[in-house]
Amino acid sequence: MAKGTDVGDNVTIENSAMGMAGFLGQFVHALDGKKRLTIPSEWRDLTGTPAQLIVLPSVTVADEDKCLWVYPMREWNRRLEKLRTVSSVDEKTRRALRVIASRSEMLSWDGVGRMRVRDELLKHAGLSSQVVLVGAFERFELWEPELWKQQVGSVDQASLQKAVQSVGL
Numbered sequence: 004m005a006k007g008t009d010v011g012d013n014v015t016i017e018n019s020a021m022g023m024a025g026f027l028g029q030f031v032h033a034l035d036g037k038k039r040l041t042i043p044s045e046w047r048d049l050t051g052t053p054a055q056l057i058v059l060p061s062v063t064v065a066d067e068d069k070c071l072w073v074y075p076m077r078e079w080n081r082r083l084e085k086l087r088t089v090s091s092v093d094e095k096t097r098r099a100l101r102v103i104a105s106r107s108e109m110l111s112w113d114g115v116g117r118m119r120v121r122d123e124l125l126k127h128a129g130l131s132s133q134v135v136l137v138g139a140f141e142r143f144e145l146w147e148p149e150l151w152k153q154q155v156g157s158v159d160q161a162s163l164q165k166a167v168q169s170v171g172l
């Protein structure tokens, strides 16, 4: 059960298999001196073996949405199947997907759960010391703490209700 929702609060949620609950909660971790980020242990169990992740920049128009999306390999492979059918049809989409792929990277973590994200990606999301890891069901996101506070603050109760209704919760 969630203990808090403010940046800085550790949120602990019991996760089951990836297909059931996914990545839930939020955690605040610091980049170490080598710019490595520790993945929460409860999330490491959700990524499968071998521990491979795909990290890509969020693709949004708004600057306040800049974060990094992190997908476990099996979820990324499911999405690739969809991309293959779309990308074979539309030239503009194919070009855009090439750009996204060129800015992405495949990572794994070391024995204690740390991964090193490329500087270009850290810069995209404005990550320099503290990072908020945010569960987003099938993926998790890496946010700069102030941007994450803005995200949370910009969602009103009516928007939450509309989102819940639109997905049938």
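Each residue of the sequence shown is one higher than the last, beginning at 4 in the numbering used here.
All C-beta atoms, glycine included, are put in the ideal place defined by N, C-alpha and C.
Bridge partner(s) assigned by DSSP for residue i
i             : result
valine 31     : Val135
glutamate 144 : Trp72 and Val137
proline 60    : Leu71
DSSP three-state assignment for residue i, whether helix, strand or coil
i              : result
threonine 96   : helix
isoleucine 103 : helix
threonine 88   : helix
arginine 124   : Position check: residue 124 holds leucine in this sequence, whereas arginine was assumed. If DSSP states are grouped into helix, strand and coil, leucine 124 belongs with the helices.
methionine 4   : With a pLDDT of 32 at methionine 4, under the threshold of 50, the modelled position of that residue is not reliable, and the figure given next carries that caveat. Coil.
valine 14      : Confidence is the limiting factor: at valine 14 the pLDDT is only 38, short of 50, which leaves the residue's position unreliable and the question unanswerable from this model.
Unbroken alpha helix (DSSP H) run spanning residue i, endpoints
i             : result
glutamate 149 : 148-156
arginine 47   : 44-47
leucine 40    : No alpha helix (DSSP H) holds leucine 40; the beta strand (DSSP E) holding it covers 39-41.
leucine 110   : Not the alpha helix (DSSP H): leucine 110 falls in the beta strand (DSSP E), residues 108-110.
glutamine 168 : 160-169
Give a yes or no on contact between the segment 84-102 and the segment 116-127, applying the rule of three or more CB pairs nearer than 8 Å.
No: the two stretches stay apart, fewer than three of their Cβ pairs being nearer than 8 Å.
Does the segment 147-154 come close enough to the segment 40-58 to have 3 or more Cβ pairs within less than 8 Å?
Pairwise C-beta distances place the segment 147-154 out of contact with the segment 40-58, as fewer than three of them are shorter than 8 Å.
Does the segment 68-81 come close enough to the segment 49-58 to have 3 or more Cβ pairs within less than 8 Å?
Taking 8 Å as the limit for Cβ pairs, the verdict is that the segment 49-58 does touch the segment 68-81.
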